[in-house]
Amino acid sequence: MSIKTSTFGTIDGEPVEVFEIEAGQIRATIITYAAALSRLFVPDGDGRQADIVLGYDDPASYVKNRGSAGAICGRYANRIADARFTLDGATYSLSPNEAPNHIHGGFRGFGKRIWTGDADTANKAVRLTLQRPDGDEGYPGAVTTTVTYRLTDDPALEITMEATTDRPTVVNLAYHGYWNLAGHESGHVRDQVLLIDADHYTPVGPGKIPTGELAPVAGTAFDFRSSRPIGAMIDDITQLPEAGYDHNFCLNDNGQPLRRAARAVDPVSRRGLEIWTDQPGVQFYTANHFGKVPAVGKGGAVYDRHAGFALETQNFPNAPNVPHFPSAVLRPGETYRHVMRIPFFVV
Numbered sequence: 009m010s011i012k013t014s015t016f017g018t019i020d021g022e023p024v025e026v027f028e029i030e031a032g033q034i035r036a037t038i039i040t041y042a043a044a045l046s047r048l049f050v051p052d053g054d055g056r057q058a059d060i061v062l063g064y065d066d067p068a069s070y071v072k073n074r075g076s077a078g079a080i081c082g083r084y085a086n087r088i089a090d091a092r093f094t095l096d097g098a099t100y101s102l103s104p105n106e107a108p109n110h111i112h113g114g115f116r117g118f119g120k121r122i123w124t125g126d127a128d129t130a131n132k133a134v135r136l137t138l139q140r141p142d143g144d145e146g147y148p149g150a151v152t153t154t155v156t157y158r159l160t161d162d163p164a165l166e167i168t169m170e171a172t173t174d175r176p177t178v179v180n181l182a183y184h185g186y187w188n189l190a191g192h193e194s195g196h197v198r199d200q201v202l203l204i205d206a207d208h209y210t211p212v213g214p215g216k217i218p219t220g221e222l223a224p225v226a227g228t229a230f231d232f233r234s235s236r237p238i239g240a241m242i243d244d245i246t247q248l249p250e251a252g253y254d255h256n257f258c259l260n261d262n263g264q265p266l267r268r269a270a271r272a273v274d275p276v277s278r279r280g281l282e283i284w285t286d287q288p289g290v291q292f293y294t295a296n297h298f299g300k301v302p303a304v305g306k307g308g309a310v311y312d313r314h315a316g317f318a319l320e321t322q323n324f325p326n327a328p329n330v331p332h333f334p335s336a337v338l339r340p341g342e343t344y345r346h347v348m349r350i351p352f353f354v355v
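Number 355 marks the last residue of the sequence shown (this note's numbering); no jumps.
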């Protein structure tokens with residue numbers, strides 16, 4: 009097996025590289041902008057291949073279009089209220105890029121940077137590295153971040169995110185890919201079937217900031233404990249004012265190193281995936297922003313509302329400001345580590 013490398017294009021004169029990996033029945037393309045997974049080909053129930061992640065054909069489209077398609081977001085993925093937090097008695101002001109709040113690491117967070125990529129042919133993997141200085145977007149501490157994408161013959165995709173720091177800081181990295189198990193160009197995902205292994209979720213207030221409550225999903229639009237179509241309650245604007253999901257689910261702890269976050273199946277193509285993680289939460293997002301501003305994706309595909317769904321394993325949004333949420337603090341000498349394992353199957 010070899011890993012093909014090429015140039016995807018440039019951003020502000022800086023080259024963006026492409027890495028193509030293949031293992032068994034699956035094939036992945038990773039680009040160094042945003043350390044993004046831009047293509048992932050997986051067979052359906054009849055062995056037909058389709059690319060099941062949303063993305064773009066050129067670097068400029070990744071920069072221009074909202075939504076962080078396929079990106080690794082950080083230094084703190086998701087939202088921090090009022091763009092500030094206190095750590096060890098010091099208060100840090102962050103970039104208010106979703107004013108008055110902070111989201112996905114700021115105006116030029118990790119998902120808006122060009123990483124350095126290295127092929128690891130022996131392990132069917134690509135390793136990407138990003139270094140950011142103390143004070144970047146307001147965060148304390150210089151950090152070194154690595155992300156490794158690895159394919160296994162099961163077939164599965166493994167994503168491992170790590171970070172170290174030279175000063176106490178907060179870190180929450182997330183893979184922000186959009187799945188469409190029927191194929192990225194196939195339209196909405198409302199009929200695809202989803203299970204989320206969570207008895208509770210974090211309700212949100214203004215700016216989609218969690219209220220601090222851990223609310224039961226039972227009897228709500230957030231109850232995916234049994235598989236049901238993504239769109240089953242998506243138009244219930246009393247619970248989902250945006251006619252879509254953008255919420256953190258508190259994953260059940262199975263006592264093992266990895267817990268299952270979700271299971272999704274497309275009933276037509278019969279493709280399915282599961283997501284396993286060592287993180288406490290998963291953000292379920294139904295690409296609502298495309299409803300306001302549709303985008304032209306790979307091969308001219310039009311991405312409109314609900315064109316894909318994201319399942320971003322993570323720490324809880326705004327955890328640095330909520331003492332009873334899991335800690336997001338990273339200190340010198342420690343290594344932040346976030347593992348996602350995504351097995352694929354057919355039904």
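Backbone N, C-alpha and C define an ideal beta-carbon position, used for all residues, glycine too.
Does the beta-carbon distance from residue i to residue j come in below 8 Å?
| i | j | result |
| --- | --- | --- |
| Arg268 | Ser235 | no |
| Tyr209 | Asn256 | yes |
| Leu102 | Ile80 | no |
| Ile350 | Ala164 | yes |
| Gly78 | Phe118 | no |
| Gly185 | Asp59 | no |
| Thr228 | Val347 | no |
| Ala336 | Val178 | yes |
| Val355 | Arg278 | yes |
| Val26 | Ile39 | yes |
| Asp207 | Arg233 | yes |
| Thr160 | Arg135 | no |
| Thr37 | Glu28 | yes |
| Ala319 | Phe353 | For the record, residue 319 in the displayed sequence is Leu; it is not Ala. Not a contact, by the Cβ cut-off of 8 Å. |
| Val304 | Arg74 | no |
| Gly252 | His332 | no |
Using CA atoms only, rank isn't needed, just tell me which of the options is closest to residue i.
| i | options | result |
| --- | --- | --- |
| Leu259 | Arg278, Thr321, Gln200 | Thr321 |
| Asp90 | Gly215, Asp59, Ile204, Asp66 | Gly215 |
| Pro265 | Arg345, Glu106, Tyr311 | Arg345 |
| Phe298 | Gly149, Phe353, Phe333, Asp312 | Asp312 |
| Asp126 | Tyr147, Leu281, Thr285, Arg158 | Arg158 |
| Asp142 | Thr152, Ala133, Arg135, Val61 | Thr152 |
| Gly220 | Asn326, Gly307, Leu136 | Asn326 |
| Thr15 | Val61, Pro67, Trp284, Asn109 | Pro67 |
| Gly114 | Thr294, Asn86, Asp199 | Asn86 |
| Pro108 | Thr246, Gly289, Arg92 | Arg92 |
| Phe317 | Val201, Phe333, Ala226 | Val201 |
The alpha helix (DSSP H) with residue i in it runs from where to where?
| i | result |
| --- | --- |
| Pro67 | 67-72 |
If contacts are defined as beta-carbon pairs under 8 Å, then residue i and residue j qualify, I think. What distance do you get, rounded to the angstrom?
| i | j | result |
| --- | --- | --- |
| Pro218 | Val330 | 7 Å |
| Ala31 | Lys132 | 5 Å |
| Arg339 | Pro176 | 5 Å |
| Asn188 | Leu62 | 7 Å |
| Tyr100 | Pro148 | 6 Å |
Mind checking which residues open and close the beta strand (DSSP E) that includes residue i?
| i | result |
| --- | --- |
| Pro23 | 22-31 |
| His184 | 182-184 |
| Pro176 | Where Pro176 is concerned, there is no enclosing beta strand (DSSP E), given that its DSSP letter is neither H nor E. |
| Glu193 | That residue, Glu193, is in no beta strand (DSSP E); it is neither H nor E in DSSP. |
| Tyr100 | 98-101 |
| Phe118 | No beta strand (DSSP E) holds Phe118; DSSP gives it neither H nor E. |
| Pro351 | 344-354 |
| Ile238 | From DSSP, Ile238 is part of no beta strand (DSSP E); its letter is neither H nor E. |
| Gly289 | 289-293 |
| Asp59 | 57-59 |
| Trp187 | Taken as a continuous stretch (DSSP letters only), Trp187 belongs to no beta strand (DSSP E), as it is neither H nor E. |
| Asn256 | 254-259 |
Under the criterion of a Cβ to heavy atom distance below 7 Å, does residue i qualify as lining the ligand FMN?
| i | result |
| --- | --- |
| Asp161 | No copy of the ligand FMN occurs in the structure displayed, which carries no ligand at all. |
Please report whether the beta-carbon of residue i lies at a distance below 8 Å from any beta-carbon of chain D.
| i | result |
| --- | --- |
| Arg349 | As a matter of chain content, chain D is missing from the structure shown, which is built from one protein chain. |
What are the complete beta strand (DSSP E) segments, minimum 3 residues, inside the region 202-244?
Those beta strand (DSSP E) runs which fall completely within the region 202-244 and span 3+ residues are 206-210.
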